[in-house]
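If you want our numbering, it's the 1-based position in the sequence shown plus 118. All remarks here apply to the structure that follows.
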Amino acid sequence: MADTAERWALAPAEDGGVEIAPLGPDGLPAGPVRREGDLGAAVRDRPEVTRWVWRSTAEVYPRLLATGVRVERCYDIEDAETLLLGHEGRLGEPRSAAAALGRLRGGPVPPDPPQRAAEPGAQSPLFEPQSVRLPLADLLEVYADQQRRHDATAHPDRMRLLTAAESAGMLVAAEMNAAGLPWRADVHRELLHELLGERYAGGGEPRRLAELADEVSAAFGRRVRPDLPADVVKAFAQAGIKVRSTRRWEIESLDHAAVKPLVEYKKLYRIWVAHGWSWLQDWVRDGRFRPEFLAGGTVTGRWVTNGGGGLQIPKVIRRAVVADPGWRLVVADADQMEPRVLAAISRDPGLMEVAGRESDLYQSVSERAFSGDREQAKLAVLGAVYGQTSGDGLKNLAALRRRFPKAVAYVDEAARAGEEGRLVRTWLGRTCPPAVRTGDDSVEEAGIPLSEDEGSGPASAEAQEWVPGYASSNSRARGRFARNFVVQGSAADWTLLLLAALRRTCAGMAAELVFFQHDEVIVHCPEAEAETVVAAIREAAELAGRLTFGETPVRFPFSTAVVECYADAK
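So this is what it looks like as structure tokens:
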């Protein structure tokens, strides 16, 4: 095939060159493998290529972006391997291209290299340079096998769409890492001084924290370290008050003079440790905060960041997120995503009709099943998704089941499958891993990374609520996770297609995607493009809904705000 082929495969070489080859409609080479001297030039010289097939976006795309080369689409072989292993019930097996080749040929299967910890200011890919680079011919052998494995899935078209969407998400993540989130270091320093007071020499606690620590100690009548939970629990015990932890919800209701300064201390201490002066020095460069976004960092497909706490920016610190002069931040939040996704995947006629209205969804549900009590309706819907099936939750679920039987039955069946150790899938085919039975009949999850806060890996702390290992000490707990998984995972699949559509619209504009978490997107754009971006987000949400779930009456609206400062959007 001539150079006008729509799909090409490439494999970077050790010397900086690259092997490339055109692909035919069947995914097989349509011409000889060629060797070219420069990766950026090889891609730049072929603007007609609509999809590049490569081992890892993390290996290739940051290098291309650094030379000003942007690609429209890609197929990430190692990401596809992760999805396919999950679908086959083998999540946790090595997912590298070298491992896939070893399995395919019946030879040794090398373990995956460990994910590196994030380095402030570094833009190197997650698995480099430890990952094994394969010749292009070997990569294409893996790629051809993956096409056959896609065909063998229960819904090949959906699985292919998921793989394409996940690969698009990898491109978006790399571009967001390169763009960075606009950040005013001077505003951040002013905030820290306002909240924490002066810094003391030697790196000790700033003035306000030291003052609060003194107030806590005075209230207990002895020296207490408020940053040490065990010390605080012991101090309360000596005061005749039994507490199990120092979590805010547990201590706020206590009648003791130490409570108020302790709660304030904990809030400010978190800011000092997580987003203080050291964080600012490490993670903000040239007016940009660049956490390393990791697409598909959890089993549900939800994103995480590798270092920097990028998805946990406190509201008060968001005052430092300021658009460039003449530019704006378009901040968009998906409205009531969970029940809308549940309506789409369950095909419940009543819930789809409610989710297609212009009015508030929870209010519409309340008018059908809860005598107009919106708060009760919201608790019932979220209880069905998250598994609150006792006490008032059980009563609410019964009322919900009468009005929306197919929706409740859908998550009930997912929970049952989870409890029984069966595979549970999102609408497009992302798979919740099977449980591993241990000798004491507990249930563990295979191949699930923990968060950096747990000291077990680079994924950030927001992964905790999405990782089944955190809650799955028994089959019932796994059932609750599976109930949630089918909704949250399908929502993650939908957002990938939303990002892909929005990225395509913004490609011809100055606008740039700079932030994404779960149900929130931020686009940084010139003021003149802001309304166009708002419309693009709305259209991308509608398109993503059709692509993901087919033709349904369900709407996926966004609340958008055009602001100069991120904090003003809330």
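Every residue gets a Cβ at the ideal spot worked out from N, C-alpha and C, and that includes glycine. Keep in mind the model is a prediction, meaning the values are calculated, not measured.
Using only alpha-carbon positions, find the residue among the options that is nearest to residue i.
| i | options | result |
| --- | --- | --- |
| Arg403 | Asn424, Arg341, Ile435 and Ala296 | Ala296 |
| Ser363 | Leu346, Leu460 and Pro379 | Leu346 |
| Gly135 | Leu615, Pro379 and Gly158 | Gly158 |
| Glu211 | Tyr193, Asp230 and Gly224 | Asp230 |
| Leu615 | Phe633, Leu280, Trp172 and Ala495 | Leu280 |
| His642 | Val652, Thr650, Glu649 and Leu631 | Leu631 |
| Arg162 | Leu146, Ala319, Glu199 and Leu183 | Leu183 |
| Thr650 | Asp637, Gly626 and Arg664 | Gly626 |
| Arg365 | Ile359, Ala353 and Lys384 | Lys384 |
| Leu330 | Gly225, Glu382, Ile655 and Ala487 | Glu382 |
| Val290 | Gly668, Thr670 and Thr613 | Thr613 |
| Glu154 | Ala148, Arg169, Thr175 and Leu128 | Leu128 |
| Ala646 | Asn514, Arg656 and Pro443 | Pro443 |
| Arg208 | Thr666, Trp545, Leu541 and Ala131 | Leu541 |
| Met294 | Ala348, Val422 and His268 | Val422 |
| Thr418 | Asn602, Glu199 and Arg598 | Asn602 |
| Gly468 | Arg519, Thr416 and Leu497 | Arg519 |
| Ala283 | Arg420, Leu252, Val499 and Asp510 | Arg420 |
| Thr271 | Pro551, Phe667, Phe676 and Arg543 | Arg543 |
| Gln635 | His311, Ala517 and Gly427 | Gly427 |
If I measure Cβ to Cβ from residue i and keep anything under 8 Å in the same chain, skipping five residues before and after, which residues do I get?
| i | result |
| --- | --- |
| Ala685 | Lys433, Val434, Arg436, Arg437 and Val439 |
| Ala262 | Gly145 and Leu146 |
| Leu620 | Leu631, Val639, Val641, Ala654, Ile655 and Ala658 |
| Pro226 | Gly220 |
| Gln494 | Ser484, Phe488 and Asn514 |
In chain order, what residues of the same chain have a beta carbon less than 6 Å from the beta carbon of residue i, not counting five sequence neighbours either side?
| i | result |
| --- | --- |
| His393 | Ile435 |
| Leu380 | Val334 and Pro344 |
| His306 | Leu398 and Ala438 |
| Ala628 | Pro644 |
| Asp478 | none |
| Tyr528 | Ser464 |
| Val680 | Arg446, Val448 and Ala648 |
| Val151 | Glu137, Ala139 and Leu254 |
| Val672 | Arg458, Ala461, Ala462, Met470, Ala473 and Gly474 |
| Arg302 | Ala438 and Val440 |
| Ala353 | Phe338 and Val342 |
| His268 | Pro274, Met277 and Arg278 |
With C-beta atoms as the reference, is residue i less than 8 Å away from residue j?
| i | j | result |
| --- | --- | --- |
| Ser482 | Val472 | yes |
| Gly287 | Ala413 | yes |
| Val361 | Val377 | no |
| Val260 | Leu222 | yes |
| Leu309 | Glu682 | no |
| Pro228 | Ala215 | no |
| Ala600 | Ala535 | yes |
| Ala355 | Phe338 | no |
| Ser489 | Glu537 | no |
| Leu141 | Val171 | yes |
| Leu429 | Ala525 | no |
| Ala662 | Thr623 | no |
| Asp611 | Arg548 | yes |
| Phe522 | Asp466 | yes |
| Glu124 | Val189 | no |
| Ala609 | Glu456 | yes |
| Val499 | Tyr480 | yes |
Any idea what DSSP makes of residue i, helix, strand or coil?
| i | result |
| --- | --- |
| Thr370 | In the sequence on display, residue 370 carries Glu and not Thr. In the structure shown, Glu370 sits in coil (DSSP, three-state: anything other than H, G, I, E or B). |
| Asp256 | helix |
| Lys688 | coil |
| Asp451 | strand |
| Arg492 | helix |
| Phe328 | According to the sequence provided, residue 328 is Ala. The question's Phe does not apply to it. Ala328 falls in the helix class under three-state DSSP. |
| Thr59 | Absent from the model: residue 59. The displayed extent of the chain is 119 to 688, so no value can be given. |
| Arg251 | coil |
| Ile435 | helix |
| Ala375 | coil |
| Ile359 | coil |
| Lys272 | The sequence given here places Ala at residue 272; Lys does not occur at that position. Coil. |
| Leu141 | strand |
| Gly148 | The question names Gly, but residue 148 in the sequence shown is Ala. Ala148 falls in the coil class under three-state DSSP. |
Leaving out five residues before and five after residue i in sequence, what residues of the same chain have Cβ atoms less than 7 Å from its Cβ?
| i | result |
| --- | --- |
| Gly315 | Pro324, Arg325 and Arg326 |
| Leu203 | Leu209, Glu211 and Arg213 |
| His273 | Gly547 |
Unbroken beta strand (DSSP E) runs of length 3 or more, entirely within the stretch 386 to 428: which are they? 410 to 412 and 422 to 424
Runs of alpha helix (DSSP H) wholly within the stretch 604 to 685 (minimum 4 residues, chain order): 648 to 667, all fully within the stretch 604 to 685.
Every unbroken beta strand (DSSP E) within the stretch 154 to 215, with a cutoff of 3 residues, ordered by chain: 169 to 172 and 192 to 194
Identify every run of the alpha helix (DSSP H) within the stretch 504 to 540, keeping only runs that are complete inside it and at least 4 residues long; order them along the chain. Whole alpha helix (DSSP H) segments, 4+ residues: 510 to 521 and 523 to 537.
Where in the stretch 289 to 318 do unbroken runs of the beta strand (DSSP E), each at least 3 residues long, occur, reported from the N-terminal end onward? none
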